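Colleague: My questions will all concern the structure given below.
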Amino acid sequence: MILPIIMAGGSGSRLWPLSRQQFPKQFLTLFGENSMLQTTANRLAGLQHKPPVVICNEEHRFSVAEQFRLNNIDNSGIILEPVGRNTAPAIALAAMLAIRNGEDPLMLVLAADHVIKDEPAFCHAVNQAIPLAQQNQLVTFGIVPTQPETGYGYIQRGASLADNLGFEVNQFVEKPDLATAENYLATGNYYWNSGMFLFKASAYLKELKQYRPLIYTACEASLADTTHDLDFIRINQTVFETCPDESIDYAVMENTQHAVVVPMDCGWSDVGSWSALWEIQDKDADGNVFNGDVIGINTQNSYVKASEKLVATIGLDDVVVVETKDAILVAKQSEVQQVKNVVEQLKSQQRSEWQHHREVYRPWGKYDSIDNGGRFQVKRITVKPGAKLSVQMHHHRAEHWIVVSGTAKVTNGDKDILLTENQSTYIPVGVVHALENPGIVPLELIEVQSGSYLGEDDIVRFEDRYGRVDLESASC
Numbered sequence: 001m002i003l004p005i006i007m008a009g010g011s012g013s014r015l016w017p018l019s020r021q022q023f024p025k026q027f028l029t030l031f032g033e034n035s036m037l038q039t040t041a042n043r044l045a046g047l048q049h050k051p052p053v054v055i056c057n058e059e060h061r062f063s064v065a066e067q068f069r070l071n072n073i074d075n076s077g078i079i080l081e082p083v084g085r086n087t088a089p090a091i092a093l094a095a096m097l098a099i100r101n102g103e104d105p106l107m108l109v110l111a112a113d114h115v116i117k118d119e120p121a122f123c124h125a126v127n128q129a130i131p132l133a134q135q136n137q138l139v140t141f142g143i144v145p146t147q148p149e150t151g152y153g154y155i156q157r158g159a160s161l162a163d164n165l166g167f168e169v170n171q172f173v174e175k176p177d178l179a180t181a182e183n184y185l186a187t188g189n190y191y192w193n194s195g196m197f198l199f200k201a202s203a204y205l206k207e208l209k210q211y212r213p214l215i216y217t218a219c220e221a222s223l224a225d226t227t228h229d230l231d232f233i234r235i236n237q238t239v240f241e242t243c244p245d246e247s248i249d250y251a252v253m254e255n256t257q258h259a260v261v262v263p264m265d266c267g268w269s270d271v272g273s274w275s276a277l278w279e280i281q282d283k284d285a286d287g288n289v290f291n292g293d294v295i296g297i298n299t300q301n302s303y304v305k306a307s308e309k310l311v312a313t314i315g316l317d318d319v320v321v322v323e324t325k326d327a328i329l330v331a332k333q334s335e336v337q338q339v340k341n342v343v344e345q346l347k348s349q350q351r352s353e354w355q356h357h358r359e360v361y362r363p364w365g366k367y368d369s370i371d372n373g374g375r376f377q378v379k380r381i382t383v384k385p386g387a388k389l390s391v392q393m394h395h396h397r398a399e400h401w402i403v404v405s406g407t408a409k410v411t412n413g414d415k416d417i418l419l420t421e422n423q424s425t426y427i428p429v430g431v432v433h434a435l436e437n438p439g440i441v442p443l444e445l446i447e448v449q450s451g452s453y454l455g456e457d458d459i460v461r462f463e464d465r466y467g468r469v470d471l472e473s474a475s476c
């Protein structure tokens, strides 16, 4: 039976301002009602498989767990990378853990942020690849190209395999220029490199050990010291930091003698830019994709997304406009790859917009920073039924809490009190406090912070049901 491995890392830069470092595109809902991560997990319904293993950054763990919970999706564990080291080490961790559990599964490696329109075609290609993977081949899936794309790497196929299940791999090639891409398309011997794979855990580790022994030993050593917290699997950070940073293509697939490619024609896209998102969505008669509250006058061939406000465009052609609560992007379609440069400038200027949205999700709910000044900050806080924030205190700020709706159970120093609609409490600097929703409906409250320092790192946690004591600095 297949063990899916869903790679859910990401920097959140290519679809800024909708994606952010703390909320990258795999958590976004770009089509229908589900996020890209949820859609990736749901796509597996057409296969015989075990619950997936998810690999993600430490800081994204609660987003992954919450999105699985909301859709009632089981998992076989969430492996937390303390630092990013690319795909070759991440896949090795999953393979080693599976073998440690006495199994040698066929691992179906998937990215959490790809679009696949034809899911039956996806499942057909995976099932076609199973006999090859069972024979210890390392299968990669090559997307049948529909245009001379310069944004993807390519796979050149070689000789046909027995029973026409796939092809030998002649070579992997980097992103080409337009003339080269046109030549690839004309020959019919090249596929887009999808970054999806199927192989036995043992077969992958054997090749990794042969070609990248440093990665193999670093992953093995980091797994010698693991801890389990809820569904999360933590590895030794100090050891893993010594691991080389390499992709599976570079470390293994370009070196092994056992690489084969199975064609997949499934309406695939890695949604690597706003223009790519425009290309794969249904358009109106003027070639536009409008999402949200949009009025377009004399506007053609454009992508406009309104998240919070009315967006009106006049006389535009071939542009991207994306509006969020705290940022707006306006760009030519042909220039959207430069959005990474915007993110880099935001980082260099130490602005928060590269890292997180004004509205930030937490395991207990969310908060929205609705106003701020030199010595104050106002947040709207939503706490899920039954959820509780950590027991904590602040050195530099006091807080006022006003309940808008629902019921709050508040620990304020040595007192425990219940607050309902229109009631409030004041928490002085240095007082230990906690907030809990004991009810069955969401708790909404306004928090007014005041003090000499309002940074997110002014927090000392004493108790936390989500395992965050001494593990991270974050608000609430």
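Positions 1 to 476 (UniProt numbering) are the ones given, in order, by the sequence shown. Note that beta-carbon positions come from the ideal geometry of N, C-alpha and C, so glycine has one too. Predicted model only: the values in this text are computed from it and were never measured.
Tell me the DSSP secondary structure of G46 in three-state form.
Modeller: helix
Colleague: For L15, which residues of its own chain have a beta-carbon under 6 Å away from its beta-carbon, when the five flanking residues on both sides are left out?
Modeller: K25
Colleague: Would you kindly report the start and end of the unbroken beta strand (DSSP E) that includes S222?
Modeller: If you look at S222, you'll find it isn't in any beta strand (DSSP E); it sits in the alpha helix (DSSP H) that goes P213 to S222.
Colleague: Quick check for students: name the residue ranges of the beta strand (DSSP E) that lie wholly in the segment 375 to 445, counting only runs of 3 or more.
Modeller: 376 to 383, 391 to 393, 397 to 405, 408 to 412, 415 to 419, 424 to 427 and 433 to 436
Colleague: Are any of the Cβ atoms in chain C nearer than 8 Å to that of T425?
Modeller: In summary, chain C is missing from the structure at hand, where a single protein chain is found.
Colleague: Suppose you measure from the CA of G287 to the CA of N301; what does that come to, to the nearest Å?
Modeller: Whole-angstrom Cα-Cα distance: 4 Å.
Colleague: Go ahead and pull the three-state DSSP assignment for N288.
Modeller: Assigned with DSSP and collapsed to three states, N288 falls in coil, not helix or strand.
Colleague: Can you tell which of G413, I233 and L110 has the C-alpha that lies nearest to the C-alpha of L80?
Modeller: Ranking G413, I233 and L110 by Cα distance to L80 puts I233 first.
Colleague: What would DSSP say about I99, mapped onto helix, strand or coil?
Modeller: helix
Colleague: Alpha carbon to alpha carbon, how far is F290 from M7? Give it in angstroms, no decimals.
Modeller: 30 Å
Colleague: What are the boundary residues of the alpha helix (DSSP H) that includes N127?
Modeller: Counting along the chain, the alpha helix (DSSP H) containing N127 begins and ends at E119 to Q134.
Colleague: When you compare only the Cα positions, how much space is there between L70 and E182?
Modeller: Their Cα atoms are separated by approximately 44 Å.
Colleague: Less than 6 Å between C-beta atoms, sequence neighbours within five positions excluded: which residues of the same chain meet that for F376?
Modeller: S450
Colleague: Counting pairs of beta carbons, one from the segment 422 to 432 and one from the segment 392 to 399, are three or more of them closer than 8 Å?
Modeller: yes
Colleague: Measure the alpha-carbon distance for E463 versus S390 and round it to whole angstroms.
Modeller: 6 Å
Colleague: Taking only the alpha-carbon atoms, compute the straight-line gap between I5 and M107 and give it to the nearest angstrom.
Modeller: 6 Å
Colleague: Under 8 Å, do T313 and I297 count as touching if we go by C-beta distance?
Modeller: yes
Colleague: Could you round the C-beta distance between G166 and V139 to whole angstroms and report it? I think they count as a contact, below 8 Å.
Modeller: That belief holds up - the Cβ atoms of G166 and V139 are roughly 7 Å apart, short of 8 Å.
Colleague: Going by beta carbon distance, what residues of the same chain come within less than 6 Å of H356, once the five residues before and after it are set aside?
Modeller: R20 and Q22
Colleague: Which runs of the beta strand (DSSP E), 3 residues or longer, sit entirely within the segment 157 to 221?
Modeller: 167 to 173 and 190 to 200
Colleague: Can we say the segment 219 to 237 touches the segment 249 to 259, given the rule of at least three CB pairs closer than 8 Å?
Modeller: no
Colleague: In the structure shown, what three-state DSSP assignment does E81 receive?
Modeller: strand
Colleague: For the beta strand (DSSP E) holding L3, just list the boundary residues, first then last.
Modeller: I2 to M7
Colleague: Can you tell me whether Q134 is buried or exposed? The criterion is at least 16 other CB atoms within 10 Å of its CB, across all chains shown.
Modeller: exposed
Colleague: Check whether the segment 147 to 156 and the segment 196 to 205 are in contact - that is, three or more C-beta pairs closer than 8 Å.
Modeller: no
Colleague: Go to A306, then tell me how far its beta strand (DSSP E) extends in each direction, as first and last residue.
Modeller: Y303 to A306
Colleague: Taking all protein chains shown into account, do 16 or more other C-beta atoms lie within 10 angstroms of the C-beta of G9, making it buried, or fewer, making it exposed?
Modeller: buried
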